[in-house]
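First comes the structure, then the notes that go with it.
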Amino acid sequence: MAVDEKREPAAGQAAAEPEPSPIQLPESARSQIQPFLETDEEIRLAVEADMVLPASFGTSWLVATQRRICVFVAGGKAPVLKVDLPLSCTVSLRSRDGLGSSLLEAHTLEGAVPLLRYTEARADAVGAAVEHLRELLPDRPAEEEEEAYGGEAAERELRKKAKPCPQCGNPMPRWMSLCPDCLDKRQLIVRLLQRAQRYWKPITFTFLLTGFLRFCAIYPAELQRRLVDDALNLNLQERTPALLDVKMDLLWQIIGILALVRIAATVAGAVQQFMMTWLGEKVTNDLRIDIYTHLQKLGVSYYDQKETGWIMDRVTGDTTTLQSFMTETLQRTVLNAVTLLVIAAMMFSQHAVLAMLALIPAPVVCFMSSRFLKRTHKIWHWAWRRRSRMFALLSNVLPGVRVVKAFVQEDREFERFQHTSQEYMNARVDAARVFAGFSRATNFVMSLSTLTIWGYGGYLVLQNPTGQPQDGVTVGVLVMFMTLVAQFYAPLQELTNMSQQLQQAATSGQRVFEVLDTLPDMEDDADAVELKEIAGKVEFRNVTFGYDERRPVLRNVSFTIQPGEMIGLVGPSGAGKSTTINLICRYYDATGGQVLIDDHDVRQVKIRSLRSQIGIVLQEPFLFHGTIAENIAYGCPDAGMAEILAAAKAANAHDFILRFPDGYDTMVGERGARLSGGERQRISIARAILKNPRILILDEATSSVDTETEALIQEAIDRLVHGRTTFAIAHRLSTLQHANRLLVLEKGRLAETGTHQELLANEGGTYRRLVDVHRQLAEMVGVGG
Amino acid sequence: MATDAPQGTRRNSELRMLDPRQIRLHRDPFAQLHLEIGSEERYGPVRAVRCLPLTRPYEFISLQDEEGREIGVIADLAELSTGSREAVEEDLEFYYLNPRVLRIHKVEAKNGIITWDLETDRGRKKVHVRDRQNIRPLPDGRTILTDIHNAKYEVPRGEELDPRSRQWLEIEL
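Taken in order, these protein sequences are the chains called X and L.
Heads up, the first sequence is in our numbering, so the first residue is -16 and it goes up one at a time.
Heads up, the second sequence is in our numbering, so the first residue is 514 and it goes up one at a time.
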């Protein structure tokens, strides 16, 4: 028996079997629940919910045995049994979705028994459990239930698609290939580095250059020591011309080397700076292009889920953060660490005690820096939020200035702005105050180093009997220490700051990879065929579909449209009209059933070959930044100018286009701002005519224009429709008079089909009702006007 | 009444491309353009309108009657007989006053208005342009300035300008 096989938890099999165990119960709860059950009863299924009936948050468990369904609520000491329902009484199960939470009910012959309340977070787990639970139910009246909850089969199918993360078990967003919870920040950095791999040569080169620069900065300290100790150290007694010559030579030699080091540093510095910028731009450019290419591959569903601003920020903002990380932060971290070590080594090799004393303030500075960072981070974040609030206010109010003026609210808007602007200022002043205090304080602590070196170092120099290096500390050593200490603290502070930059880069990296890891949900199957020139037959076979995993928008819809037919899609808002269109274009895939074009399942043909034969005229025609000619030719960039003109002429657009001073060369703004709605509409019709599609989709094409323009557009549409399979969505039923047939959708089901006349004759039909409402509206307008 | 649909006339939905061998154009003493197609059709006065005044000024010329109704489109003026071509070109010259910039003396931006001090083939002129939107580079490298009165000035490609003018232009682009 299938049920029995599934009963076993079989931990060892988990890898082989993708289905999770039906018993999802913590061990502690299990032992506490066991006493409630009879000895021969065994748990077949269990699931945890995050709410307690009737509607509060808490933990409850639904446990099913071979005899009954029990619901326990987690109590103080032991679970409390809330529901005890024999399986034999249970006829069916049903989950009802509310906003943010759902309720699972058992239906008995007497009525519904509420079982479990749960939020979206547990919806998948409970959904899977319900499926198993149904199998436990006795003699399930299959047909009846199918009729009552027709959408549920498809829902279950949808639910399966939300797969859990293999690592943490949490359900992953459907569009991600990696679980966002399990992302390891360190792994992110590694992935980022991998992307820079192809530039490893220039990266190594810049790295070496930077190292050399650091050397150029430190080495003069040693030279200065030699300058003071060897070249300038001359006792009056020893002052012989020969020795003087030797010392002079040494002096010139050291000065010469110093000069050479400076020159080399200048040249290397220039090259390094250029290389860093060059590399940064290269890597960022690659990343930007990768993201953009990937974005183009993603399906419409992705754009339905994400805001444009969110996506744009990833292409521009985050890549820039990553650039500075890859080219600067990374190199500096390593080099700073090396610099610190070298400086410390140089100091200790000269005089360990003095070095120790000189570096005492270092840990203090580190500690202060990290404290300070945390503090300023908060303040800066606060200031940043104030700033974006100020921008939001501006971008909100300025476009609505007409409204502001109409309601005479200028003063209030002024006050609002003054307030946010002041808050922003306060935040920045705060930050400045903290910063000023801190930087002075650290400077003071660091200056203690200098004092220690002068004090203790000076004492040591005076203790040196001969003043020669071999006998103790010399003036030269002191000079060298001063130079080194001055170079020690900058890298130290930078290193302390590094953790923050690392954090930032990791965040940006995560955001960028979130896009790159998104799997295109709509890809050609390996064996997809090229769709040849089609006749235009469209068939839906028991199609079920929902955007949200649990709410089907289309339920079991079937129809067949012959080539060349014009079909009106009618129905109230949300009935599934646009969804039908989305499925024909294959912006989404049906969850159940099939969509066939010329008897080919759309999932088995190449998407490009399908979409190239479909033309769309949208309610809000989208025109790209470019000339009118370019916009008409958008679908066919190779079209000749004569064809473009002909298409425009057929779309009743030619005449108005020629009235623009620039004719077809007229630039259209980002959203076609300089054209009226009717004009844009006709350009988009011309675009569709030029594309010459076999299947045409008109989505409320005339709804945004006045009646007169509508006539012009209608005429253009009539020409366009001729000889093509057409789907037209319109709220104005009058525009569908030319349709061969109307498909009336209601609540995701196909309610009626037929011609305008036939449907009108059906008293009590959906279409008749819609028409009546329209008539009443028209009468009201007539009376009112 | 929509101007697209003059009373009593059916709107023509098909583009009529005029056969260059069939048409003759001439200007009458009043500088009005007249069109003959074959031996039957005569129109006049007609007006020549450029479909693509910026990118293809001598191709795709729409000929319209006084009401603005299109009679037909000439694909390429070069295919016409010399007399006809000159007649159309004269008509176009009159309608599209597109001064060509020879030198840029100075460009100043002030209060959102960019003032170009230009030497054109029609004389020196100070041209006021609002916003950068009205400075439009064409794909072939030319630049079109549209001034606050909607007049258009054609700036040739940078290479064709003297170095000083080119500098001014590059700053503004």
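We put the CB at the ideal spot given by N, CA and C, even for glycine.
Collapsing the DSSP output to three states places Tyr556/L in a strand. Judged by DSSP in its simplified three-state form, His547/L adopts strand. Identification of residues in the segment 620 to 631 of chain X having a C-beta nearer than 7 Å to some C-beta of chain L yields Met624, Ala625, Leu628, Ala629, given in sequence order.
Asn447/X: not part of any alpha helix (DSSP H); DSSP gives it neither H nor E. In the structure shown, the three-state DSSP call for Glu683/L is helix.
For Thr738/X, the closest C-alpha among the options Met549/X, Leu601/X, Asp682/X, Glu691/X is that of Met549/X.
Between Leu475/X and Ala345/X, the C-beta gap is smaller than 8 Å, which places the two residues in contact. Where Lys361/X is concerned, the enclosing alpha helix (DSSP H) starts and stops at 344 to 380. Burial is judged here by how many other beta carbons sit within 10 angstroms of a residue's own beta carbon; Ile274/X has at least 16 and is buried.
Using a Cβ-Cβ cut-off of 7 Å, Arg702/X is close to Ser526 of chain L, given in chain order.
Looking at the DSSP output, Met34/X shares a beta bridge with Phe40/X. Ser575/L has a beta carbon lying within less than 8 Å of a beta carbon in chain X.
A straight line joining the alpha-carbon of Gln236/X with that of Arg245/X spans about 14 Å. With contacts defined as CB atoms closer than 8 Å, Arg555/L and Glu549/L qualify as a contacting pair. Contact between Asp648/X and Thr568/L holds: their C-beta atoms lie close to 5 Å from each other, under 8 Å.
The beta-carbon of Ala612/X is placed less than 8 Å from the nearest beta-carbon of chain L. The bridge partners DSSP lists for Glu632/L are Arg616/L, Arg637/L.
For Pro669/L, no beta strand (DSSP E) segment is defined, and its DSSP state is neither H nor E.
Take the alpha-carbon of Thr91/X and the one of Asp107/X: they are about 24 Å apart. Listed by position along chain X, the residues whose Cβ is nearer than 9 Å to that of Asn663/L are Pro644. Using a Cβ distance threshold of 8 Å, Ile666/X and Leu606/X count as a contacting pair. Closest by C-alpha distance to Ile436/X, out of Ile590/X, Asp269/X, Gly459/X, is Gly459/X. In the three-state scheme derived from DSSP, where H, G and I count as helix and E and B as strand, Ile294/X is classed as helix. When the five nearest sequence neighbours on each side are left out, the beta carbons in the same chain lying within less than 8 Å of the beta carbon of Leu593/L are those of Pro533, Ile536, Leu538, Ile587, Val601, in order along the chain. Bounds of the alpha helix (DSSP H) holding Leu324/X are 313 to 333. Val562, Arg563, Cys564, Leu565: these are the residues of the segment 551 to 565 of chain L whose beta carbon lies less than 8 Å from some beta carbon of chain X, given in chain order.
When beta bridges are read from the DSSP output, Leu728/X appears opposite Leu733/X. By the neighbour-count definition (other C-beta atoms within 10 Å, threshold 16), Ser14/X is an exposed residue. When 8 Å is used as the limit between beta carbons, Arg649/L is near these residues of chain X: Met650, in chain order.
Taking 8 Å as the cut-off, the beta carbon of Leu305/X is found closer than this to the beta carbon of Gly492/X. Taking 7 Å as the Cβ-Cβ cut-off, the segment 372 to 385 of chain X has no residue approaching chain L. Inter-segment contact for the segment 174 to 193 of chain X and the segment 208 to 217 of chain X is absent: fewer than three beta-carbon pairs are separated by less than 8 Å.
Residue range 572 to 577 is occupied by the beta strand (DSSP E) that includes Phe573/L, with no alpha helix (DSSP H) assigned at that position. At least one CB of chain X lies nearer than 8 Å to the CB of Ala588/L. Looking only at Thr692/X, Ala338/X, Thr403/X, the smallest Cα-Cα distance to Ala375/X is reached by Thr403/X. In this structure Tyr609/L touches Arg563/L by the C-beta definition: roughly 7 Å separates them, less than 8 Å.
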